[in-house]
Amino acid sequence: MNTKFDSILHLKKFVQQNWSTNRKKTKVTLGYLSKIDNSSETIIFISEYYFQLQYYKDAINIANRGLQIKTSAELYMRFSILIGRCYEAMKKYSTAEAFYDKVIILRLSFVRKFKNLTYRMCKNIIIAYFLKARILLKVSFGIDVDKVDVKTVFCTPT
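Its first residue numbered 2, the sequence shown is counted upward by one per residue in the working numbering.
Spelled out as structure tokens, the structure:
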């Protein structure tokens, strides 16, 4: 029985059960978890929960650590999208757009080199395109996609 592995699972379960009710204990637990496990899977778990708790700077720091690890292209895309979402939430749109561009550029290099995109990679690319388009609509035209009723935009009488 691997006690370190068991304690990591226990801490992750604690975070999943308590993140919405006990923010302070959850943040402390995430900090401890980031010190004992440096795997890319745990780092994405931690940074996603920091994002949920709206600790955007902490999420960015942890996700940047994930970008430094030699990891798969899929995880690299997830880290980049998460960092972009954090910057978007902090209203730093140009920085967020740059991280979405990283995902799109990575996709182009993969198509040229390997020509084998997995389903998850395609999903991440579509998310990046959507998030970038959402920023462009918000900044350039003042349209907040989250607050707009689609019928009023596309079904206005002429």
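Yeah, the Cβ is synthetic: ideal placement off N, Cα and C, and Gly gets one too.
Rounded C-alpha distance that separates residue i from residue j
| i | j | result |
| --- | --- | --- |
| LEU34 | GLN17 | 13 Å |
| ILE9 | ILE37 | 8 Å |
| ARG135 | ASP145 | 8 Å |
| ASN39 | ILE45 | 10 Å |
| ALA1 | VAL104 | Absent from the structure is residue 1, since the part of the chain shown begins at 2 and ends at 159. |
| LYS162 | MET78 | Residue coverage of the chain in this structure runs from 2 to 159, which leaves residue 162 outside it and unanswerable. |
| TYR130 | LYS25 | 34 Å |
| GLY143 | ASP7 | 49 Å |
Supposed close pair residue i, residue j - CB separation, criterion 8 Å
| i | j | result |
| --- | --- | --- |
| TYR50 | TRP20 | 6 Å |
| PHE80 | ALA97 | Not a contact, Cβ separation roughly 14 Å. |
C-beta contact flag for residue i and residue j at 8 Å
| i | j | result |
| --- | --- | --- |
| TYR101 | VAL140 | no |
| LEU54 | LYS28 | yes |
| ASN125 | ILE82 | yes |
| ILE61 | CYS87 | yes |
| SER48 | LEU76 | no |
Buried versus exposed call for residue i [16 or more other C-beta atoms within 10 Å across all chains shown]
| i | result |
| --- | --- |
| GLY32 | exposed |
| LEU132 | buried |
| GLY67 | buried |
Beta-carbon proximity list for residue i, same chain, < 7 Å, skipping 5 on both sides
| i | result |
| --- | --- |
| PHE52 | ALA60, LEU83, ARG86 and CYS87 |
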